[in-house]
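When the letters of the sequence shown are read in order and numbered with my numbering, they come out as residues 796 to 1323.
Virtual Cβ for every residue (Gly too), placed ideally from N, Cα, C.
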Amino acid sequence: MSDAISVLLAVPAAMLIAIVALPNSWVNTRARASRVAAFRQIVTAVAGLQFIVAASFFVAFITGSVDVIQSVLVRIPAAIPIEVTIYYDGVASLMFTLVSFVGWVICRYSIRYLDGEATQGRYFRWTAFTIGSVSLMVISGNLVLFVTTWIMTSLGLHQLLLHYGHRAAARRSAWTKFAISRLGDSALLLAMAILFYEFNTLDFVALFKAAGSIASAPWSVQLASFLLVAGAITKSVQFPFHTWLPQTMETPTPVSALMHAGIVNAGGYLMIRTSPLVNLAPSALTMLAIVGGFTACFAAVVMLTQTSIKKSLAYSTIAQMGFMLFQCGLGAYSAAMLHILAHSLYKAYAFLSSGSVIAERSMSETPTENRPVSMLHLAIVGAIMIACLSLALTVFGIDPITKPGGLLLGGVLCLGLTYWIGQAARNGDEALVMRSLALSAVLCVVYAASYSMVDKLVAKSVPIASAPTMLWLVVAIVSAGFAGMFMLQKMLTRHQPSAALNGWYVHAANGFYVENTLRRIFGSLLGT
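1) For residue 922, which residues from the same chain have a beta carbon less than 6 angstroms from its beta carbon, with the 5 sequence-adjacent residues on both sides left out?
2) For residue 1158, does the count of other Cβ atoms within 10 angstroms reach 16, so buried, or fall short, so exposed?
3) Taking DSSP as the reference, what is the three-state secondary structure of residue 881?
4) Three or more beta-carbon pairs under 8 angstroms between the stretch 1024-1036 and the stretch 1110-1122, yes or no?
5) According to DSSP, which residues form a beta bridge with residue 962?
6) Can you tell me whether residue 1233 is buried or exposed, with buried defined as 16 or more other CB within 10 angstroms of its CB?
7) With a Cβ-Cβ cutoff of 9 angstroms, do residue 926 and residue 845 count as a contact?
8) Express the C-alpha separation of residue 1048 and residue 1325 in angstroms, rounding to a whole number.
9) Does the beta-carbon distance from residue 1082 to residue 1024 come in below 9 angstroms?
10) Flag this pair as yes or no: are the beta carbons of residue 1006 and residue 1072 separated by less than 9 angstroms?
11) I need the DSSP call for residue 866, collapsed to helix, strand or coil.
12) Measure the C-alpha to C-alpha separation of residue 1018 and residue 833 and round it to an integer number of angstroms.
13) With a threshold of 8 angstroms, are at least 3 pairs of Cβ atoms found where one atom belongs to the stretch 1184-1199 and the other to the stretch 1240-1248?
14) Give me, in chain order, the residues of the same chain whose beta-carbon lies closer than 6 angstroms to that of residue 1304; leave out the 5 immediate sequence neighbours on both sides.
15) I'd like to confirm the pairing. Which residues does DSSP put opposite residue 937 in its beta bridges?
16) Between the alpha carbons of residue 947 and residue 1106, how many angstroms are there, rounded?
17) What residues in its chain sit with their C-beta under 7 angstroms from that of residue 1173, if we drop five residues either side in the sequence?
18) Quick one: using the 10 Å Cβ neighbour count with 16 as the cut-off for buried, is residue 1077 buried or exposed?
19) Below 9 angstroms between beta carbons: does that hold for residue 1043 and residue 956?
20) Please report how far the alpha carbon of residue 1204 lies from the alpha carbon of residue 974, in whole angstroms.
21) So for residue 1179, helix, strand or coil by DSSP?
22) Under 8 angstroms: do the stretch 959-979 and the stretch 933-943 share three or more Cβ pairs, one atom per stretch?
23) Runs of 4 residues minimum, wholly inside the stretch 1173-1259: which ones carry the alpha helix (DSSP H) assignment?
24) In the stretch 994-1056, which residue ranges form an unbroken alpha helix (DSSP H) of at least 4 residues, counting only runs that do not cross its ends?
25) Just to confirm before moving on: does the CB-CB distance between residue 861 and residue 916 stay below 9 angstroms?
26) Would you list, in sequence order, the uninterrupted alpha helix (DSSP H) runs of no fewer than 4 residues that lie entirely inside the stretch 1043-1124?
27) Are at least three pairs of beta-carbons, each pair with one atom in the stretch 1061-1069 and one in the stretch 1091-1099, less than 8 angstroms apart?
28) DSSP beta-bridge partners for residue 871?
29) Evaluate residue 1198 with the Cβ neighbour count: other Cβ atoms within 10 Å of its Cβ, from every protein chain shown; 16 or more gives buried, anything less gives exposed.
30) In terms of residues, what are the limits of the alpha helix (DSSP H) holding residue 1139?
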């Protein structure tokens, strides 16, 4: 029975991947319009079928009709066993449903977006391949299949980034990303070899069981954990491997949506999926927390200075991925999974609706009084937010003190809500401030409820994390970073920013020249 269920889970993803092997006559520029129209409908239908399967299994899983599924579909005997193994638990159920939904929405959107383009057949071929690869990755039951589909996802995205390959900017971003991805692939392949040498298996369940029996991990296992972290850092566009993402301005908007909502999240999913192994190396978690926290602050500062909508969204994604990996570094895997879900849905919507942002903004803009807001008022609002969040967490039985990094993450959430309400107060509209306060309180409740649900689903799949080494240093750096971000945003709202601030604004608008520096050093390697 388990094998039959696994086949049902894997077949739609396999069908999407197999579409890449269809004859060129279906997808080339000279194919008849009716044939291309049929082809894109087939891709969308298969993506819709996968979403139906994913949603059905998710409902069955949360209601208890389906338990954890572990099944080997194909086994090829070799020195390193090559297996197609499905592992469907709480973590996989959430991610599989998310990827399937986003993939289906993007296929439907693309039909209209690319209508009339000569290369739309090629686009749908590689979109199907990419969606199928990332879908199979999230339900993989062993590292061989996971790393294989991880690489396939990257190669599929490379083809999509070259959709307008005649444009120099498209080629530059695609090949920069290609080079960086190979670094991450190399780290994962080496980690896989080390883990097989140590445990003589690459099956997730067996690896996690072996990891749970280790009191003190040997240096080789800790090295493998560092390599897994390195793979996540490169995949999820962390500093300094982030430079390719803001360059992808030439790619079609649905590709941007798929990339930001379903692919760069893979680094965070890798950390959550392999958390029992990564947890054996507290130093690796510390490094992840520091890199993620720094990237979040760095990208948020640059994002504030961007005038392009897509580039601003790109730096927003980098910042969000940084914060998500920071959560993983603290061992807050449930919070990280919730972050992945919320960010993916938001970013897919943001990109797919980006074309109407200017029109909507011009219709909604009204004169404001731009009143100054005192620090005392902000402190009062912050205290109210802390009270609201504490009450919401208490109602849902969540003790932030017992959760890894719970107090710090709660403080960051309250800081964000406080700034948002402060922006509303600058308009001088008391009714708007009251509505903002009420909505912020609702958001605290929604966050607590969502966290409670996600935590129950993933609790059996992630370890009870220990605090990262030098936790005080991590907390100090990140707290200073987010507090500095808050003050910077407040200073930017002044009518007359200082000359020094204007100077830093120019540097930030250019991404502090990280991209230019790397291009000078590695230009030939990146094909730029």
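This is what the structure gives:
1) none
2) Legend: pLDDT at residue 1158 = 46, less than 50; position of this residue unreliable, no value from coordinates given.
3) Strand.
4) These segments touch.
5) Paired residue(s): none; residue 962 is not in a bridge.
6) exposed
7) yes
8) In this structure the chain extends from 796 to 1323, so residue 1325 is not present and cannot be described.
9) yes
10) In this structure, residue 1072 lies closer than 9 angstroms to residue 1006 by Cβ.
11) strand
12) 49 angstroms
13) The stretch 1184-1199 makes contact with the stretch 1240-1248: 3 or more CB pairs, one atom from each, lie closer than 8 angstroms.
14) Excluding positions up to five away in sequence, the list reads 1100.
15) 998
16) C-alpha of residue 947 to C-alpha of residue 1106: approximately 26 angstroms in a straight line.
17) 1213 and 1217
18) buried
19) yes
20) 34 angstroms
21) helix
22) No: fewer than three Cβ pairs fall under 8 angstroms.
23) 1201-1220 and 1225-1253
24) 999-1007, 1014-1030 and 1048-1053
25) no
26) 1048-1053, 1061-1068, 1070-1073, 1077-1098 and 1104-1124
27) no
28) Beta-bridge pairing links residue 871 to 877.
29) Buried, since its Cβ has 16 or more Cβ neighbours within 10 Å.
30) Taken as a continuous stretch (DSSP letters only), the alpha helix (DSSP H) holding residue 1139 covers 1128-1147.
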